[in-house]
Amino acid sequence: MDGPITQAEALGATPLAGGERARFFAASRFGGIDCLRATFLKHTYATHTHDTYAIGSITAGCEVWNARGRRLYATPGEIVFNHPLDAHDGAPMEGGYSYRMTYPGLDFLREVAGAVSGRPVTGTPTFPEPVVRDPEGARLFIAAHAALEDDSDGLGGEELLLRAFGRMLVLHGRITAAPLGAEPGPVGRVRALIEARFAEDLRLDELAAVAGLSSHHLIRAFRRETGLTPHAYVVDTRVRRAQAWLRAGIGPAEAAAAVGFADQAHLTRAFKARLGVPPGAYQRAVA
6 MDGPITQAEA LGATPLAGGE RARFFAASRF GGIDCLRATF LKHTYATHTH
56 DTYAIGSITA GCEVWNARGR RLYATPGEIV FNHPLDAHDG APMEGGYSYR
106 MTYPGLDFLR EVAGAVSGRP VTGTPTFPEP VVRDPEGARL FIAAHAALED
156 DSDGLGGEEL LLRAFGRMLV LHGRITAAPL GAEPGPVGRV RALIEARFAE
206 DLRLDELAAV AGLSSHHLIR AFRRETGLTP HAYVVDTRVR RAQAWLRAGI
256 GPAEAAAAVG FADQAHLTRA FKARLGVPPG AYQRAVA
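Structural data, given as structure tokens:
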């Protein structure tokens with residue numbers, strides 16, 4: 006599968022093996038930030054993106070993935086950062102891995118950055134390194150994530166997560182003026198067209214004409230800049246849009262049709278490949 010998809014879709018394309026588990030939940034005190042706790046022994050994520058950041062930490066084992074043009078590894082004591090629309094995959098090393106992940110939006114991280122700096126932040130929080138060694142920060146994040154999942158001490162979970170994100174921004178982040186995923190030029194024009202017409206059966210020659218490139222050149226340029234082919238980006242965009250429909254309470258079958266999948270089965274495969282759980286399970290957790 007070669008299209009961009011959500012985390013739930015990335016999880017759904019491949020059945021989970023025995024001993025594997027994945028649970029989504031929403032941190033309601035932060036406006037419903039998606040959170041994931043998972044253990045994977047064999048499951049591999051399809052290459053996908055998110056509309057949000059993806060920030061998390063490994064609790065056991067080792068994960069290997071490709072992102073930002075690099076092959077990366079994460080183990081306990083490290084924190085992983087993916088920006089919105091960063092194309093990435095994911096797979097277990099021998100013995101598997103367990104991890105906890107959050108998907109905060111741009112506005113939320115701006116608020117945290119503003120609270121830390123003491124002044125409003127209008128730029129874009131970025132993390133130059135996709136994985137950093139920070140045992141204390143990882144411990145703080147994992148404690149916050151577990152408290153939010155347990156939900157028996159909501160105030161404590163809130164404080165812990167804000168402390169964790171504040172630490173990450175101070176030690177590992179910076180604020181940039183340029184918005185993420187808004188590059189100009191041929192690829193930027195094609196991305197904008199796909200974002201506007203993702204539910205349609207787009208033609209490669211049409212996309213190439215918008216870019217002013219040959220079809221072959223477009224595929225290579227698009228993959229180089231986004232980590233995905235144009236078709237993969239269409240699929241990924243459909244999955245991300247389906248996530249929003251599911252969060253709004255729209256059923257998987259209707260969401261599949263609305264975003265351009267042939268049927269619910271196609272959505273389920275794409276969704277699980279990118280998010281690790283099928284659409285129905287995701288919706289029950291966050292809607």
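Residue numbers (our numbering): 6 to 292.
We put the beta carbon where it would ideally sit given N, CA and C, even for glycine.
Since the structure is predicted, the reported quantities are computational estimates derived from the model, not experimental observations.
Tell me whether the region 113-120 and the region 67-85 touch, counting them as touching only if at least three CB pairs, one residue from each stretch, are closer than 8 Å.
no
What residues match up with Val136 in a beta bridge as DSSP calls it?
Val85
Go ahead and pull the three-state DSSP assignment for Phe203.
coil
With burial defined as no fewer than 16 other Cβ atoms inside 10 Å of the residue's Cβ, what is the status of Val294: buried or exposed?
This structure gives no information on residue 294, because the portion of the chain shown stretches from 6 to 292.
Specify the secondary structure class of Thr107 as computed by DSSP and reduced to three states.
strand
Within 10 Å of its beta-carbon, does Pro235 have 16 or more other beta-carbons around it, so buried, or fewer, so exposed?
buried
Report buried or exposed for Leu153, applying the criterion of at least 16 other Cβ atoms within 10 angstroms of its Cβ.
buried
Determine the contact status of Val126 and Ala204, defining contact as a CB-CB distance below 9 Å.
no
Helix, strand or coil: how does DSSP classify Pro9 here?
Its pLDDT being 49, under 50, Pro9 is placed unreliably by the model, and the measurement read from it follows with that caveat. If DSSP states are grouped into helix, strand and coil, Pro9 belongs with coil.
Can you tell me whether Gly161 is helix, strand or coil according to DSSP?
helix
What does the alpha-carbon distance come out to for the pair Ile224 and Glu141?
Distance between the alpha carbons of Ile224 and Glu141 is about 42 Å.
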